[in-house]
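Just so we're aligned: 129 in the working numbering is position 116 of the sequence shown, and the numbers increase by one with no gaps anywhere. We put the beta carbon where it would ideally sit given N, CA and C, even for glycine.
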Amino acid sequence: FVDTIKGFAHSATELKVSTGDIYRGVPTVIKSSKTFLLVNMSAHVDLIGAAMEAYGIRALVLPEPNERDLLYANQVTSGVECLPYRVTLGSFLRFYHDNGNDMKKFEAFMAGAYGPCRLGHYAGEQIRIFKNLGIDLPMRTSVSNNAYQDMDLGSPFRRLAFMSLTWNGCIAADCLFKLLWRTRPYEKQTGSTDILFEDYIRRIADRMRRKEAFNDLLRQATSDFKSLIDPEIPRKPLVGINGEIFLRSNKFSNNNLVKVCEDAGLEVVVSPMGEWMKYILYRHVEDAIRDRKFIKMIGSYIVERIQGHEERSVENHFMDLIDEREPSTAHLLGFSRRWLSPKCGSEAVLSIGSGIDCMENPRFAGVISVMPHGCMPGGIVAAMSEKFTTLYQKPWINVTYDGIMETNNLARVNNFAEILRFCSQAEREGHLGVTARKPR
14 FVDTIKGFAH SATELKVSTG DIYRGVPTVI KSSKTFLLVN MSAHVDLIGA
64 AMEAYGIRAL VLPEPNERDL LYANQVTSGV ECLPYRVTLG SFLRFYHDNG
114 NDMKKFEAFM AGAYGPCRLG HYAGEQIRIF KNLGIDLPMR TSVSNNAYQD
164 MDLGSPFRRL AFMSLTWNGC IAADCLFKLL WRTRPYEKQT GSTDILFEDY
214 IRRIADRMRR KEAFNDLLRQ ATSDFKSLID PEIPRKPLVG INGEIFLRSN
264 KFSNNNLVKV CEDAGLEVVV SPMGEWMKYI LYRHVEDAIR DRKFIKMIGS
314 YIVERIQGHE ERSVENHFMD LIDEREPSTA HLLGFSRRWL SPKCGSEAVL
364 SIGSGIDCME NPRFAGVISV MPHGCMPGGI VAAMSEKFTT LYQKPWINVT
414 YDGIMETNNL ARVNNFAEIL RFCSQAEREG HLGVTARKPR
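Shown next, in the form of structure tokens:
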């Protein structure tokens with residue numbers, strides 16, 4: 014009882030914290046003669062690495078993760094850490110073991126964020142493990158809270174040019190992925206779509222390294238992908254996949270969920286990388302307004318407008334095959350704010366917003382949300398998804414991954430697909446009515 018009284022009394026006093034006790038444990042990205050190691054999350058990273066090389070930053074995209082990555086990570090972790098942490102750590106350790114233990118020419122790179130999500134702790138924890146193992150591998154980071162603008166690239170104009178090139182590359186990758194997902198379930202020759210996709214990623218990356226425009230490649234891509242489609246195959250039920258950004262993007266981590274869905278008779282659209290990048294810039298503007306930093310506010314607003322224009326310009330090349338443009342951040346937050354404050358500042362607001370957008374769109378038959386086991390934002394989405402299923406009369410399922418081989422998710426996805434195929438067939442036969450909304 015006395016301890017409780019003392020605790021309440023102590024909590025009422027002003028807590029004085031020395032600013033010297035607040036520091037960033039991992040330094041930001043700076044110009045360096047060393048080569049930065051980038052974890053291969055998805056094809057986006059190939060284009061980000063190409064943009065870094067175009068502006069004098071040496072970058073090496075690591076091989077796609079596999080079982081060896083998890084094997085190395087599991088030797089130095091407890092197994093309860095979120096899966097993206099273990100996969101990214103394992104990729105660095107695998108590179109270390111495959112390259113003669115000579116790390117003098119390299120520095121690891123890990124994106125991060127301030128706040129409750131464990132992503133913000135990846136870099137600090139991984140460098141701690143490196144030191145415990147005696148691995149002399151420095152770690153650099155860049156955080157979303159300042160819209161990844163802490164990269165030392167020289168003048169502001171040079172930094173803006175780099176951001177523009179990176180942004181255009183990411184949007185191009187997002188659109189190429191949409192062409193891949195639109196084409197592969199209907200391809201005439203098995204495997205042809207994957208080959209074409211990889212070829213376009215490679216060609217765009219080569220152009221980006223030389224700072225050359227690649228609009229001609231984007232214009233050509235739609236017709237090339239369209240030529241692979243067998244028009245005799247009827248459209249399949251369309252499903253939206255959202256959730257934790259690394260997990261939904263990385264084939265190894267999600268056990269190739271997109272291909273699993275396609276093999277089960279579905280067509281999918283995965284939330285794009287650009288969704289997160291637009292959101293962090295949107296929050297950057299909001300933070301500037303809150304802190305009354307007017308120069309920062311004006312600069313961020315201008316960048317936001319420029320990126321919006323560039324996104325539409327890139328998307329224009331793909332509209333013959335891609336059915337809809339990506340919604341704005343404000344549009345998604347308009348959906349999610351009905352249930353969760355946009356100030357939550359995590360992927361939960363985006364997953365709820367994009368999920369509801371799919372649920373209200375008559376083109377979509379359902380939603381799959383993915384999350385690492387124990388993910389806080391993913392848990393928020395999972396807790397609310399049952400209500401959305403009831404409200405919109407469409408299935409919304411949540412699948413978790415922890416790196417352990419299992420069949421539960423496979424069975425759930427196949428059951429999910431079976432329900433959607435049945436409903437789709439019933440609709441075509443006129444047994445079910447559908448309430449449509451106006452397209453965006």
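| Item | Value |
| --- | --- |
| Close-in-space but distant-in-sequence residues of the same chain around Gly182 (CB under 6 Å, 5 per side omitted) | Leu60, Ala64, Met221 |
| Arg350 to Glu373 span [Cα, whole Å] | 15 Å |
| Simplified DSSP state of Trp352, which is helix, strand or coil | coil |
| Exposure label - Phe435; buried when at least 16 CB within 10 Å | exposed |
| Within the region 205-252, ranges of the alpha helix (DSSP H) (whole runs, at least 4 residues) | 205-222, 228-239 |
| Whole-Å CB distance - Met123 paired with Thr101, under 8 Å assumed | 7 Å |
| From Leu270, Ile217, Leu192, residue whose alpha carbon lies closest to that of Thr206 | Leu192 |
| Coarse secondary structure for Leu51, derived from DSSP in three states | strand |
| Alpha carbon of His344 to alpha carbon of Ile148, nearest angstrom | 46 Å |
| Rounded straight-line distance, which links the Cα of Arg296 to that of Cys357 | 11 Å |
| Sufficient close CB pairs (3 or more, under 8 Å) joining the region 251-264 to the region 374-390 | yes |
| Exposure label - Lys306; buried when at least 16 CB within 10 Å | exposed |
| 8 Å Cβ cutoff met for Phe105 and Gln139 | yes |
| Counted within 10 angstroms of its Cβ, other Cβ atoms place Glu360 as buried (16 or more) or exposed | buried |
| Simplified DSSP state of Glu328, which is helix, strand or coil | helix |
| C-beta contact flag for Gly347 and Trp409 at 8 Å | no |
| For Asn145, the first and last residue of its enclosing alpha helix (DSSP H) | 135-145 |
| Nearest-angstrom Cα separation, counted from Phe49 out to Glu120 | 5 Å |
| Which of helix, strand or coil DSSP assigns to Ala277 | coil |
| Whole-number beta carbon distance between Glu200 and Asp243, since they are thought to touch under 8 Å | 7 Å |
| Distance CB(Leu353)-CB(Ile365) smaller than 8 Å | yes |
| C-alpha gap between Leu433 and Arg223, whole angstroms | 46 Å |
| Cβ contact (3+ pairs, closer than 8 Å) linking the region 319-326 and the region 246-254 | no |
| Pro97 burial status per 10 Å Cβ neighbour count (16 or more: buried) | buried |
| Start-end ranges of the beta strand (DSSP E) lying completely within the region 366-408, minimum 3 residues | 377-385 |
| Reference Val283; option with closest CA among Val74, Val271, Ala277, Phe143 | Val271 |
| Sequence-distant residues of the same chain with beta carbon closer than 7 Å to Tyr36, five excluded per side | Residue placement at Tyr36 is poorly supported in this model, since its pLDDT is 42, which falls under 50; the coordinates still yield a value, given next. Hits under 7 Å: none found. |
| Exposure of Ser240, with buried meaning 16 or more beta-carbon neighbours within 10 Å | exposed |
| Buried/exposed call for Ala424, threshold 16 Cβ in 10 Å | exposed |
| Residue closest to Phe429, alpha-carbon to alpha-carbon, out of Val316, Leu404, Asn112, Gly379 | Gly379 |
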